[in-house]
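In what follows, a single structure is set out as structure tokens and then discussed.
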């Protein structure tokens, strides 16, 4: 199966656009499904618009849902890091996109965005697998 | 790859059952996976029961999580529309279902539901792709 | 298409590790995608770390988002059961994982976890389908 690993550095950016990296992977492929996966327990993949403030609106929503100052049982890492471990239950690290003649099927405003409120680990990997049709 | 586009009109209905449309697409196919996708930045797909009030319970939960009267950075559209852009991070516009002999594999009470609290855009498209097994 | 049904008993355990069951299913397969599916309207699948308290942190987050003592329109089952029907909109019962030479592609800390806050139905089924590459 055609696959690739993309190495990313998030640092303090908690929303990172990875659309171009995924599109580069599928560019020389035909029709099929592309599976995107983060092998991490504190990050997720979202399809959202970027550039009009939505990424910060999302961060605020995450802070409301999973406040960093709540007491978490998970006690490793920096204060409040426990909430980063809850996030992938709601923003999954697994995502499937369709590919037509090598092109990712996406709406005009949709970007593939790595959501990573975890400040403790800036090194991230995105795993891509392509399953061709027929 | 076998694909189809379903045109939908949501209007003020924020939960729209699309199960029959998806089932019609897969009916003449064999075994495989069906990829469902909304090319929109303010809608998602959920697998929930309909008809016992869950759709309104979900709307209430969304209103609690992402209140329309919160201040959003995203400032286009009608008041509170910014929250519609956050929704797809939690209710993904991408969904995969298994298909056996043309039949969608679903539980008795599960329906495929387009979740769309966005009142600004009543015209929606659902993109379907079928990947056959072997 | 290669498929299997795993029968599970959740009882009062609302987070059940099913990674080993999925890995056993894919062990004799090659490269491809594995589709995991719960044919239930009150459960979801999450990729989270287990064993450091995250499962209880997640339950607490679910209780905050969807408190059992809120009034739900869905009125069947034990008090507050209506919120169990909302959960799958946020924690989807559908999940896709990549498989390489029979091995599930997962990060070191990721486990496949059945999330099931529903105390009314302890009998659960997990449906697995494998789509081989090429």
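Protein chains in written order, with this note's numbering: chain A, 1 to 134; chain B, 135 to 268; chain C, 269 to 402.
A virtual CB, placed ideally from N, CA and C, is assigned to each residue, including glycine.
Predicted, not measured: the structure shown is a model, and the values here were computed from it.
1) Cutting at 8 Å between CB atoms, please list the residues of its own chain near residue 184 of chain B, excluding the five before and the five after it.
2) So residue 32 of chain A and residue 99 of chain A are supposed to be a Cβ contact under 8 Å. How far apart are they, rounded?
3) Between the C-alpha atoms of residue 147 of chain B and residue 179 of chain B, what's the straight-line distance to the nearest angstrom?
4) Can you grab the Cα-Cα spacing for the pair residue 28 of chain A / residue 125 of chain A, in whole Å?
5) Below 8 Å CB to CB, which residues in the same chain sit around residue 335 of chain C once its five sequence neighbours on both sides are set aside?
6) Using a Cβ-Cβ distance under 7 Å, would residue 21 of chain A count as near chain B?
7) Can you give the beta carbon distance from residue 115 of chain A to residue 91 of chain A, rounded, assuming they're within the 8 Å contact cut?
8) Only counting the same chain, and skipping five residues up and downstream in sequence, which positions put a Cβ closer than 6 Å to that of residue 21 of chain A?
9) Mark residue 177 of chain B as exposed unless 16 or more other C-beta atoms lie within 10 angstroms of its C-beta, in which case mark it buried.
10) Is the shortest distance between the beta-carbon of residue 54 of chain A and the beta-carbons of chain B less than 7 Å?
11) If you run the structure through DSSP and keep just helix, strand and coil, what is residue 141 of chain A?
12) Could you work out which residue in C:320, C:345 and C:357 is closest to residue 333 of chain C when comparing CA atoms only?
13) Residues in the region 225–253 of chain B with C-beta within 8 Å of chain A's C-beta atoms, listed in sequence order?
14) Is there at least one Cβ from chain C nearer than 7 Å to residue 30 of chain A's Cβ?
15) Run through chain A and tell me which residues come within less than 7 Å of residue 220 of chain B, C-beta to C-beta.
16) Helix, strand or coil, according to DSSP, for residue 136 of chain B in the structure here?
17) Kindly list, in the order they appear in chain A, the residues whose Cβ is closer than 7 Å to that of residue 317 of chain C.
18) Counting only the same chain and skipping the five closest in sequence on each side, list residues whose C-beta sits under 6 Å from that of residue 239 of chain B.
19) Between the alpha carbons of residue 325 of chain C and residue 71 of chain A, how many angstroms are there, rounded?
20) Within 7 Å (strictly less), CB to CB, does residue 357 of chain C reach chain B?
21) Chain C partners of residue 66 of chain A, CB-CB under 7 Å?
22) Using a Cβ-Cβ distance cut-off of 7 Å, determine whether residue 46 of chain A contacts chain B.
23) How should residue 376 of chain C be labelled, buried or exposed, when 16 other C-beta atoms within 10 angstroms of its C-beta is the threshold for buried?
24) Just curious, the alpha helix (DSSP H) that residue 190 of chain B is in, first and last residue?
25) From the DSSP output, in three-state form, read off residue 112 of chain A for me.
26) Please state whether DSSP places residue 281 of chain C in a helix, a strand or coil.
27) Quick check on the DSSP output: what are the complete beta strand (DSSP E) runs of length 3 or more inside the region 146–176 of chain B, in order along the chain?
28) Buried or exposed for residue 329 of chain C, please, with buried defined as at least 16 other CB atoms from any protein chain shown within 10 angstroms of its CB.
29) What residues match up with residue 257 of chain B in a beta bridge as DSSP calls it?
30) What does residue 295 of chain C reach in chain A if we use C-beta pairs closer than 8 Å?
31) Under 8 Å by Cβ, that's how I've got residue 308 of chain C and residue 361 of chain C pegged, so tell me the actual separation to the nearest angstrom.
32) Taking the C-alpha atoms as reference points, what is the distance between residue 128 of chain A and residue 24 of chain A?
33) Tell me whether residue 237 of chain B is buried or exposed, calling it buried when 16 or more other Cβ atoms sit within 10 Å of its Cβ.
34) Kindly indicate which residue of A:132, A:53, A:130 and A:134 has the alpha-carbon position closest to the one of residue 210 of chain B.
35) In chain order, what residues of the same chain have a beta carbon less than 6 Å from the beta carbon of residue 136 of chain B, not counting five sequence neighbours either side?
36) Excluding sequence positions up to five away, which residues of its chain have a Cβ less than 8 Å from the Cβ of residue 73 of chain A?
By the coordinates alone:
1) Against the second chain, residue 184 of chain B aligns to sequence position 50. If we look at residue 184 of chain B and ignore the five residues flanking it on each side, its Cβ neighbours are 149, 151, 245 and 247.
2) Residue mapping note: residue 32 of chain A aligns to position 32 of the first chain, counting from 1. Residue mapping note: residue 99 of chain A aligns to position 99 of the first chain, counting from 1. Right, their Cβ atoms sit about 5 Å apart.
3) Taking the first residue of the second chain as position 1, residue 147 of chain B is located at position 13. Taking the first residue of the second chain as position 1, residue 179 of chain B is located at position 45. When rounded, the distance between both Cα atoms is 14 Å.
4) To locate residue 28 of chain A, count along the first chain from 1; it is residue 28. To locate residue 125 of chain A, count along the first chain from 1; it is residue 125. Answer to the nearest angstrom: the Cα atoms are 21 Å apart.
5) Within the third chain, residue 335 of chain C is the residue found at index 67, counting from 1. Taken in chain order, the residues that qualify are 348 and 351.
6) Taking the first residue of the first chain as position 1, residue 21 of chain A is located at position 21. No, residue 21 of chain A does not count as interfacial toward chain B.
7) The residue you call residue 115 of chain A lines up with position 115 of the first chain. The residue you call residue 91 of chain A lines up with position 91 of the first chain. Right, the Cβ-Cβ distance comes to about 5 Å (below 8 Å), so this counts as a contact.
8) Taking the first chain and counting its residues from 1, one reaches residue 21 of chain A at position 21. Hits under 6 Å: 6.
9) Taking the second chain and counting its residues from 1, one reaches residue 177 of chain B at position 43. Label assigned to residue 177 of chain B: buried.
10) Start at 1 with the first residue of the first chain, and residue 54 of chain A comes out as number 54. For residue 54 of chain A, the answer is yes, since a Cβ of chain B falls inside 7 Å of its Cβ.
11) No information on residue 141 of chain A is available, as it lies outside the stretch 1 to 134 that chain A covers here.
12) As a working note, residue 333 of chain C is residue 65 in the third chain. The shortest C-alpha separation from residue 333 of chain C is found at C:357.
13) 226, 227, 228 and 230
14) The sequence position of residue 30 of chain A within the first chain is 30, counting from 1. Not one chain C Cβ lies under 7 Å of residue 30 of chain A.
15) Numbered from its first residue, the second chain carries residue 220 of chain B at position 86. What residue 220 of chain B touches in chain A: 54, 57, 58 and 61.
16) Position 2 of the second chain holds residue 136 of chain B. Here residue 136 of chain B sits in strand by DSSP.
17) As a position in the third chain, residue 317 of chain C is number 49, starting the count at 1. Simply 41 and 85.
18) The residue given as residue 239 of chain B occupies position 105 in the second chain. Cβ within range, chain order: 232.
19) Counting from 1 along the third chain, the entry for residue 325 of chain C is found at position 57. Counting from 1 along the first chain, the entry for residue 71 of chain A is found at position 71. The alpha-carbon atoms of residue 325 of chain C and residue 71 of chain A are separated by roughly 9 Å.
20) Within the third chain, numbered from 1, the residue matching residue 357 of chain C stands at position 89. Cβ-Cβ to chain B under 7 Å: yes for residue 357 of chain C.
21) For the purposes of this step, residue 66 of chain A is taken as residue 66 along the first chain, with counting starting at 1. Close to residue 66 of chain A, with beta-carbon spacing below 7 Å, are these residues of chain C in chain order: 329.
22) Stepping through the first chain from its first residue, residue 46 of chain A is reached at position 46. Judged by the 7 Å Cβ criterion, residue 46 of chain A is in contact with chain B.
23) As a first step, residue 376 of chain C must be located in the third chain, where it is residue number 108. So residue 376 of chain C counts as exposed.
24) Looking up residue 190 of chain B in the second chain gives position 56. Here the alpha helix (DSSP H) through residue 190 of chain B covers 188–199.
25) Indexing the first chain from 1 puts residue 112 of chain A at position 112. Correct three-state label for residue 112 of chain A: strand.
26) Indexing the third chain from 1 puts residue 281 of chain C at position 13. In this structure, residue 281 of chain C counts as coil in the three-state DSSP scheme.
27) 149–151 and 166–171
28) As a position in the third chain, residue 329 of chain C is number 61, starting the count at 1. The residue is buried, with at least 16 neighbouring Cβ atoms inside 10 Å.
29) As a position in the second chain, residue 257 of chain B is number 123, starting the count at 1. Note: residue 257 of chain B sits in a beta bridge opposite B:143.
30) Residue numbering aside, residue 295 of chain C sits at position 27 when the third chain is read from its first letter. By Cβ distance, chain A contributes nothing, its closest Cβ being about 17 Å from residue 295 of chain C, past 8 Å.
31) Stepping through the third chain from its first residue, residue 308 of chain C is reached at position 40. Stepping through the third chain from its first residue, residue 361 of chain C is reached at position 93. Confirmed, Cβ separation roughly 6 Å.
32) Within the first chain, residue 128 of chain A is the residue found at index 128, counting from 1. Within the first chain, residue 24 of chain A is the residue found at index 24, counting from 1. Those two C-alpha atoms are separated by around 11 Å.
33) For the purposes of this step, residue 237 of chain B is taken as the residue at position 103 of the second chain. Classification of residue 237 of chain B: exposed, given that the 10 Å Cβ count is below 16.
34) Within the second chain, residue 210 of chain B is the residue found at index 76, counting from 1. Here the closest residue by C-alpha is A:53.
35) Locating residue 136 of chain B in the second chain gives position 2, where the first residue counts as 1. So the qualifying residues of the chain are 264.
36) By one-based count along the first chain, residue 73 of chain A stands at place 73. Once the five neighbours on either side are set aside, the close Cβ partners of residue 73 of chain A are 82.
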